Amino acid sequence: MNGNILIWLLTVPLAVSLLAFGARVAAAWSRRILEGLHLAGITLLLVLSLVTVKSVLTTGNLSAIGAWFYADHLAAVFVLVIGVMGFLNGLYSIGYMRSELARGEVTTGTLSTYYGFFHLFLFTMVFTVLSNNIVLMWAGIEATTLGSAFLVGIYGHRFSLEAAWKYVLICSVGVAFALYGTILVYSNSFQLLHHAGRAILWTEIIKGAGMLDPLVMKLAFVFILIGFGTKAGLFPMHAWLPDAHSEAPSPVSSLLSGVLLNCALFAIIRYYMVAGQSLGTGFPRVLFLVFGVLSVAWAAFLIFIQHDLKRLLAYSSIENIGLITVSLGIGGPPGVLAALLHIINHSVAKSLLFCTSGNVLIKYGTRDLHTIKGMFRIAPFSAFLLGSGALAIAGCPPFNIFISELLTVSAGLQRGYLWLMVACLLLLVIVFTAFLRLIGEAIFGSPPGNVARGDVNWQTILPVFLLFVLMLGLGIYIPAPLYQLLKGAVSIVNAGI
Amino acid sequence: MNGINLVNALAVVLIVTSLMVVEARNPRFSAQLYSIQSFVLVLIFFSLAVFMKAEPLYIWSVTALVTKVILVPLIVIRALKRVGNPSEPGTSLNPVVSLFIAAVFVGLAFLIVTPFHMQAVIKLKPALAVSIAHFMLGLLCILTQRNALKQILGYCLMENGAHLTLAFMAFNAQETVEIGILTDAIFAVLIMSLIAVRLFSVLGTLDTDQLTSLKG
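Chains as they are written, first to last, in this note's numbering: chain A, 36 to 532; chain B, 1327 to 1542.
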């Protein structure tokens, strides 16, 4: 197994982050140098993530540094999401932060902090999904909070600082619960393996998962679900999410929503596999269904009453994470396939919407949907992208979300959850109505007179257009390598359960 | 007094000191009490190392002494200095109620650890229960205290509880694991303190009840 690629995957974002911070310390920064460094960093990360996926598909699992880092098909799905979304959101960041600089929202000095933390955040997410050492996986998730808290509060005004405070406090407290779960699993595994080095590796734990103490495992899984569920934004531990996602700069909102939430779900899936073998899938799946449906229900009503564009999108993230959790609760190969595909599809559609919301903010100077009207006449291309994204996230064909939602419902019906699926569909109708209203009012209404006509710069349009191509493409066709990757990941999750 | 009794007794002292951290009106004094409390934690690690022959815990004692007895209180006290150590707002619980809640938490924690049959913890169940109760007391501190820096100390109490559980159940894990957890904890305190100070510079208060701009 050649694990060198994993080391590169970890080293590059960390090195770029340090260089961006270092540029500020050495007072050697200029906007162009920072942007060049940032562009090189996101491009390298994209290439490395694609090479990792290819290696997993062709040569099998990869591991590095005494198996502390590990990539199988499941990890590769998340590496792919981080690499592609990191690149596209990173690309969007360049144009967006230039506009923020021009509007006086940030200074050139702040740019160095922004790009430094942007790559640190990417590093912590890659670290999490590649960690085979369960304590390091926990440390990685905690580090994602610490790496992104300053990005949330980067504007330094009352609202963003309030959001950053709630984010870091609630997530740190929540993730502390997951530490308890991690300790219980390790201790349980040590009893079995009598080897500290092996007992801490997920790949070793899963081998003997069937012999772990089910009672301890049950308690551990509850702690894990509460802890990492807080980070994933599951109801009722979601309180930090609408604030952090709405107050952060738009590309960061996009990363938080489209990538970070998935990393927490990744950790939950890893423990679900262990719990499934130790105590059967009944208990974890019931928890998934309860937390999932409650998240969809709570979010659906709050999406409906929102008048703040970014908060509306944030609640939509809770709804989609709830839907993914419901799919996991349905279980079996169809449920897990639906969950993993929805993870990818939601990342693409939500990144598109958050980035477009950044364009809206630049044009209108507000997120208030009472003011954002007639976008089609103001910025037609951004309006087209916002409308497409809204239709996609509402579940309309031919976009990608429609496919994974259809898969979820058919998996549910296949496994006998008729009433649950009826309830989910009714809740999705509420979400659909809310997004239809958004299109009607924001895109087709009468524009306010004081907004200059014309789209924002091409740097903010191109990445969103690429996201649109992905969103539409994945709705029509799933490429063979991606299907192969998903199929492999589904087999891994269901193995031994 | 044998080793097990000493560890169990020290675990009880830990609960008492954490109640003092929660109850202290002056945030700076609270941070100093946290330092004392962390020293009790160090003593527990040391006792476990000596009496249970848990050798890795000698190193844990040293790292906890440096990070929790010295570094974390220093970060919080420095942040308090920058904001003038405001004692407002102080909706501390009545000490009698706090004691009652602590007792309930210990009882609950005993219920949680009762089914554990693992060899490593079988003799130390009271101490393990106290460590879990300690974690819950930290959570109580965050939920009931309105001062942002007191809430940070609440997080530190939770972290000390988790650290103690780690010492009971996973002291044989590689040293890098403890370093990873401690590094995260220190950075969490550092980042929370920095944000709290910036919040104070914008709002002029550390009262988290004033953080009500973002709703709905």
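Ideal placement from N, C-alpha and C gives every residue a C-beta, glycine not left out.
Computed from a predicted model, the values in this text were never measured in an experiment.
Between the C-alpha atoms of A/T143 and A/S439 there is a straight-line separation of about 42 Å. In terms of beta-carbon proximity, B/G1542 lines the interface with chain A, with at least one pair separated by less than 8 Å. Sequence-distant Cβ neighbours of A/F263 in its own chain, meaning closer than 6 Å and more than five residues away, are A213, A299, A302 and I303.
Using beta-carbon distances, A/Y215 counts as an interface residue toward chain B, with a partner under 8 Å.
One alpha carbon belongs to B/L1406, the other to A/V491, and they sit about 44 Å apart. At a cut-off of 8 Å between beta-carbon atoms, A/E476 makes no contact with chain B.
Cβ contact annotation for A/L109 (same chain, cutoff 6 Å, sequence separation greater than five): A524 and I527, in chain order.
In the assembly as shown, A/H230 is an exposed residue. Its beta-carbon has fewer than 16 other beta-carbons within 10 Å. Taking A/F416 as the centre and dropping the five residues before and after it, the same chain places the C-beta of D490 and I496 closer than 7 Å to its C-beta, in chain order. Assignment of A/L269 by DSSP, reduced to helix, strand and coil, places it in the coil class. Chain A has no Cβ within less than 8 Å of the Cβ of B/Y1360. For B/A1488, the C-beta contacts it makes with chain A under 7 Å involve A211, L214 and Y215, in order along the chain. In this structure, A/K345 lies near A/R402, with their beta-carbon atoms less than 8 Å apart. B/M1495 and A/F158 have their C-alpha atoms spaced approximately 30 Å apart.
In this structure, A/V51 lies away from A/G71, with their beta-carbon atoms at least 8 Å apart. Here A/G475 is exposed. Its C-beta has fewer than 16 other C-beta atoms within 10 Å. A direct Cα-Cα distance of roughly 18 Å separates B/N1328 from B/L1340.
The bridge partners DSSP lists for A/S98 are A/Y105. Taking 8 Å as the threshold, the shortest C-beta distance from B/D1510 to chain A falls below it.
Taking C-beta atoms as the reference points, A/I235 and A/Y221 count as a pair closer than 8 Å.
Taking 9 Å as the upper bound on Cβ-Cβ separation, chain A lies near residues G1464, L1465, I1468, A1474 and Q1477 of the segment 1462–1477 of chain B. Between the beta-carbon of A/I340 and that of A/I359 there is about 23 Å, and that puts the pair past the 8 Å contact cut.
Excluding residues up to 5 positions away in sequence, A102, Y105 and N167 lie with their Cβ nearer than 7 Å to the Cβ of A/T238 in the same chain.
Per DSSP, B/F1497 lies in no alpha helix (DSSP H) segment and is marked neither H nor E. Taking the C-beta atoms as reference points, A/L247 is found no nearer than 8 Å to A/S281. Between B/I1401 and chain A, the shortest Cβ-Cβ separation is not below 8 Å. For B/E1381, no alpha helix (DSSP H) run applies, since DSSP gives it neither H nor E. Under the three-state reduction of DSSP output, A/L236 falls in the strand class. If you check the CB distance, B/L1336 and B/V1347 do not come in under 8 Å. The Cβ-Cβ distance between A/S90 and A/L83 does not fall below 8 Å. Contact note: A/R472 does not reach chain B at a C-beta cutoff of 7 Å; the least C-beta distance is about 17 Å. Here A/M252 has A310, S313 and L314 as same chain residues with Cβ atoms under 6 Å from its own Cβ, once five neighbours each way along the sequence are excluded. In this structure A/S289 touches A/C390 by the C-beta definition: roughly 6 Å separates them, less than 8 Å. Of the residues assessed, A/G400 falls on the exposed side of the cut-off, its CB having fewer than 16 other CB atoms within 10 angstroms. In the three-state reduction of the DSSP assignment, A/D248 falls in the coil class, being assigned neither a helical nor a strand state.
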